[in-house]
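Chains as they are written, first to last, in the working numbering: chain V, 738 to 968; chain X, 738 to 968. Cβ coordinates follow ideal geometry from the N, Cα and C atoms, glycine included. Everything on this sheet refers to the single structure shown next.
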DNA sequence: TCCGGTTTTCGCCTTTGAATCGAAAACTTC
DNA sequence: GAAGTTTTCGATTCAAAGGCGAAAACCGGA
């Protein structure tokens with residue numbers, strides 16, 4: 738039997754604010770201190786162990802870089818297998834998408850930093866392709882699932898949520914429409930509380946939370962759905 | 738470095754007619770002649786070789802069971818890694834979805850047969866889960882992409898296409914609606930030809946083909962799309 | 001206390017695309 | 001030519017998202 742190495746890699750994404758009011762989608766990377774590719778930035782990950790499946794493995798590997806209890810969502814992305822994707826002995830990689838809610842700010846090791854996904858530094862191997870794949874997966878799932886819960890704090894105003902979505906999707910989002918779409922789907926629950934207005938005043942915003950914090954497909958808009966039989 | 742085996746598996750799906758007029762979604766399986774799991778039905782696949790990536794590997798392995806030129810579409814599904822998913826030395830599996838258009842009827846080896854996905858025989862290892870995953874992927878992509886081209890013959894009538902979709906989706910489909918949805922999306926092109934009516938008469942049906950035979954997302958119904966800026 | 005400024009919220013309307021229905025068209029056989 | 005079949009097409013309804021502006025609820029300062 739042909740034996741080869743298998744690693745797991747995770748693109749952990751979070752919407753973060755670098756300067757106040759300026760949110761951006763960022764990814765967790767660590768800088769390589771040794772060859773190969775010294776100085777380049779890598780996704781966290783490592784070799785799969787004998788007694789773990791890849792889902793367990795990715796959580797174990799991530800624990801070295803970040804508090805895994807702050808991971809609100811992890812899902813498999815794809816497996817990358819080009820024979821020359823890394824130098825030396827062949828290694829297959831299964832990539833994951835991880836999400837951290839925006840109210841967390843995990844302690845990071847010295848070699849590890851957040852980087853804007855739209856302004857990546859020099860990355861190692863095929864990691865840039867993996868990061869972009871993770872971003873695309875997040876963007877499409879924000880549309881047709883309730884995955885927003887994994888980016889948002891436990892409770893939030895519509896304006897805050899709008900900024901989160903806007904940073905993650907990379908385009909402007911209307912607060913009016915966001916609220917209507919999510920609440921029509923039953924994803925939003927009002928807490929009854931209100932946030933205190935900012936220094937410039939204004940009507941106090943109502944606080945919401947996601948109805949359900951398990952990922953749930955909103956029906957990938959079931960086109961060609963079965964005939965209703967309704968008359 | 739921890740070395741382990743890596744195999745690729747393919748769930749090749751086709752809409753086939755067992756008795757005339759009765760279409761069903763079927764999957765290509767071969768029956769195991771040796772331990773482990775003698776007599777159970779397996780997905781085609783095999784060990785990844787040193788110089789190939791998994792996409793090449795799956796096509797190579799499939800060539801042993803079916804004419805690969807008849808494969809109209811192949812895509813990666815997911816990687817399965819439970820340590821005990823097969824007995825003996827550990828093997829990771831990356832599963833693929835393959836599609837064959839309904840006008841093909843490939844020559845098959847003696848140990849290989851088509852089986853209805855909704856009436857599977859006793860399958861080996863975790864292969865049933867993979868088959869169901871493949872079916873679900875096909876069903877959702879039929880809705881929001883033009884993947885139908887991979888199931889359909891080069892040219893077809895709307896009625897034929899309706900039966901194909903109906904068998905693949907597992908529910909009735911309205912011909913009227915199917916035609917309008919696909920042509921609004923620009924996926925259908927009329928050939929100008931018409932099919933000859935059946936033995937019972939009836940208006941001759943117009944022949945169509947898919948505008949484009951590369952997979953193309955129809956916009957996963959871009960909810961929360963960017964503001965139009967239109968006034 | 002009143003008033004302008006600010007932010008959120010809500011209702012109404014438009015737009016888009018899918019589902020339904022029924023009638024017309026085009027062919028068969030008798 | 002009449003009756004029966006099947007396809008095709010237009011008109012209508014229905015559902016969900018996007019756009020817009022007015023009303024609500026707060027601020028600070030005159």
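_Mapping the DSSP letters down to three states, classify residue 913 of chain V as helix, strand or coil._
Taking the first residue of the first chain as 1, we reach residue 913 of chain V at position 176. Helix.
*asked:* Can you list, in chain order, the residues of its chain with a C-beta nearer than 6 Å to that of residue 818 of chain V? Leave out the 5 residues immediately preceding and following it.
replied: Reading the first chain from its first residue, position 81 is the one you call residue 818 of chain V. Within the same chain, residue 818 of chain V has close Cβ partners 829.
*Inter-residue spacing [alpha-carbon to alpha-carbon] between residue 900 of chain X and residue 910 of chain X*: Mapped onto the second chain, residue 900 of chain X falls at position 163. Mapped onto the second chain, residue 910 of chain X falls at position 173. One C-alpha to the other measures close to 8 Å.
*Hey, could you find the ends of the alpha helix (DSSP H) residue 864 of chain X is sitting in?*
Your numbering for residue 864 of chain X matches position 127 in the second chain. Per DSSP, residue 864 of chain X belongs to the alpha helix (DSSP H) from 864 to 881.
*Would you say residue 756 of chain V faces chain X, with C-beta separation under 9 Å as the test?*
Your numbering for residue 756 of chain V matches position 19 in the first chain. For residue 756 of chain V, not one C-beta of chain X is nearer than 9 Å to its own C-beta.
*For residue 759 of chain V, count neighbouring C-beta atoms within 10 Å of its own C-beta (all shown protein chains included) and say buried if the count is 16 or more, exposed if not.*
Here residue 759 of chain V refers to the residue found at position 22 of the first chain. By the 10 Å Cβ count, residue 759 of chain V comes out exposed.
*asked:* Applying the 10 Å Cβ sphere with the 16-neighbour rule, what's the burial state of residue 770 of chain X?
replied: Here the question's residue 770 of chain X lines up with position 33 in the second chain. It counts as exposed.
*Starting from the C-beta of residue 953 of chain X, find all residues in its chain whose C-beta is less than 8 Å away, skip the five residues before and the five after it, and write them out in chain order.*
One-based indexing of the second chain puts residue 953 of chain X at position 216. When the five nearest sequence neighbours on each side are left out, the beta carbons in the same chain lying within less than 8 Å of the beta carbon of residue 953 of chain X are those of 882, 883, in order along the chain.
*Would you list, in chain order, the members of the stretch 846 to 863 of chain V that have their beta-carbon closer than 8 Å to a beta-carbon of chain X?*
none
*Alpha carbon to alpha carbon, what distance is there between residue 847 of chain X and residue 778 of chain X?*
Within the second chain, the letter at position 41 stands for residue 778 of chain X. Within the second chain, the letter at position 110 stands for residue 847 of chain X. Straight through space, the alpha carbons of residue 847 of chain X and residue 778 of chain X are spaced by roughly 13 Å.
_Looking at chain X, is there any beta carbon in it that lies within less than 9 Å of the beta carbon of residue 925 of chain V?_
Indexing the first chain from 1 puts residue 925 of chain V at position 188. By this cut-off, residue 925 of chain V is not an interface position.
*Can you find a C-beta in chain V that's less than 9 Å from the C-beta of residue 908 of chain X?*
As a working mapping, residue 908 of chain X is identified with position 171 in the second chain. So yes, residue 908 of chain X belongs to the interface.
*At what residue ranges does the stretch 893 to 955 of chain V contain a whole run of the alpha helix (DSSP H), taking only runs of 4 or more?*
Within the stretch 893 to 955 of chain V, the complete alpha helix (DSSP H) segments of 4 residues or longer fall at 895 to 906, 912 to 921, listed in chain order.
_Quick check on residue 810 of chain V: buried or exposed, where buried means 16 or more other Cβ atoms within 10 Å of its Cβ?_
On the first chain, position 73 is the one that residue 810 of chain V refers to. The residue in question, residue 810 of chain V, is buried, as its Cβ has 16 or more Cβ neighbours within 10 Å.
*Candidates V:896, V:826, V:873, V:905, of which the one nearest residue 885 of chain V by Cα*: The residue given as residue 885 of chain V occupies position 148 in the first chain. Closest option to residue 885 of chain V, Cα to Cα, is V:905.
*How many angstroms separate the CA atom of residue 787 of chain V from the CA atom of residue 813 of chain V?*
The residue labelled residue 787 of chain V in the question sits at position 50 within the first chain. The residue labelled residue 813 of chain V in the question sits at position 76 within the first chain. Residue 787 of chain V and residue 813 of chain V: Cα-Cα distance of roughly 19 Å.
*Scan the stretch 790 to 816 of chain X for residues whose Cβ lies nearer than 7 Å to a Cβ of chain V and list them as they occur along the chain.*
790, 791, 813, 815, 816
*CB contact check: residue 769 of chain V to chain X, cutoff 9 Å*: For the purposes of this step, residue 769 of chain V is taken as the residue at position 32 of the first chain. No, residue 769 of chain V does not count as interfacial toward chain X.
*According to DSSP, is residue 884 of chain V helix, strand or coil?*
As a position in the first chain, residue 884 of chain V is number 147, starting the count at 1. DSSP places residue 884 of chain V in helix when its eight states are reduced to three.
*the stretch 819 to 838 of chain X: positions lying closer than 9 Å to chain V by Cβ*: 819, 820, 822, 826, 827, 828, 829, 831
_Less than 9 Å between the C-beta atoms of residue 798 of chain X and residue 747 of chain X, yes or no?_
Sequence index remark: in the second chain, residue 798 of chain X carries index 61 (1-based). Sequence index remark: in the second chain, residue 747 of chain X carries index 10 (1-based). Their beta carbons are under 9 Å apart, which means residue 798 of chain X touches residue 747 of chain X by this criterion.
*Please confirm if residue 781 of chain V has its CB atom under 9 Å from at least one CB of chain X.*
As a working mapping, residue 781 of chain V is identified with position 44 in the first chain. Output row for residue 781 of chain V: interface = no.
*Contacts that residue 741 of chain V makes with chain X (C-beta to C-beta distance below 7 Å)*: Reading the first chain from its first residue, position 4 is the one you call residue 741 of chain V. Taking a Cβ-Cβ cut-off of 7 Å, the neighbours of residue 741 of chain V in chain X comprise 740, 743, given in sequence order.
*To which residues does DSSP link residue 829 of chain X through a beta bridge?*
Taking the first residue of the second chain as position 1, residue 829 of chain X is located at position 92. Beta-bridge partners of residue 829 of chain X (DSSP): X:743.
*Secondary structure of residue 760 of chain V, DSSP reduced to three states*: As a working note, residue 760 of chain V is residue 23 in the first chain. DSSP places residue 760 of chain V in the strand class (E or B) of the three-state scheme.
*asked:* Give me the chain X residues within the contact set of residue 788 of chain V, using Cβ-Cβ distance strictly less than 7 Å, ordered along the chain.
replied: Here residue 788 of chain V is taken as the residue at index 51 of the first chain, counted from 1. Per Cβ cutoff of 7 Å: 820.
_Along the chain, where does the beta strand (DSSP E) containing residue 809 of chain V start, and where does it finish?_
Taking the first residue of the first chain as 1, we reach residue 809 of chain V at position 72. 808 to 817 is the span of the beta strand (DSSP E), which, as asked, contains residue 809 of chain V.
*Measuring only between beta-carbons, confirm whether residue 914 of chain V sits less than 9 Å from chain X.*
Reading the first chain from its first residue, position 177 is the one you call residue 914 of chain V. So yes, residue 914 of chain V belongs to the interface.
*Could one say the Cβ of residue 760 of chain X lies closer than 9 Å to chain V's Cβ atoms, at least one of them?*
Taking the second chain and counting its residues from 1, the one referred to as residue 760 of chain X is at position 23. Closer than 9 Å: no.
*Could you tell me the distance, in whole angstroms, from the CA atom of residue 703 of chain X to the CA atom of residue 767 of chain X?*
One cannot answer for residue 703 of chain X here, as it falls past the ends of chain X, which runs 738 to 968.
*Out of X:844, X:872, X:845, state which residue places its alpha-carbon closest to the alpha-carbon of residue 857 of chain X.*
The sequence position of residue 857 of chain X within the second chain is 120, counting from 1. Residue X:872 is the option with its Cα nearest to residue 857 of chain X.
*Could you confirm whether any beta carbon from chain X is found closer than 9 Å to the beta carbon of residue 898 of chain V?*
What you label residue 898 of chain V is simply residue 161 of the first chain in a count that begins at 1. Closer than 9 Å: no.
*Mind the definition here: the stretch 926 to 945 of chain X touches the stretch 750 to 764 of chain X only if three or more C-beta pairs lie below 8 Å; say whether that holds.*
No contact exists between the stretch 926 to 945 of chain X and the stretch 750 to 764 of chain X.
_Can you look up residue 774 of chain X in the DSSP assignment and give me helix, strand or coil?_
As a first step, residue 774 of chain X is located in the second chain; it is residue number 37 there, counting from the start. Residue state, collapsed to three classes: coil.
*Kindly indicate if chain X contains any beta-carbon less than 9 Å away from that of residue 785 of chain V.*
Within the first chain, the letter at position 48 stands for residue 785 of chain V. Yes - at least one Cβ of chain X is within 9 Å of the one on residue 785 of chain V.
*Candidates V:893, V:907, V:951, of which the one nearest residue 943 of chain V by Cα*: Along the first chain, one-based indexing puts residue 943 of chain V at 206. Considering only alpha carbons, the answer is V:893.
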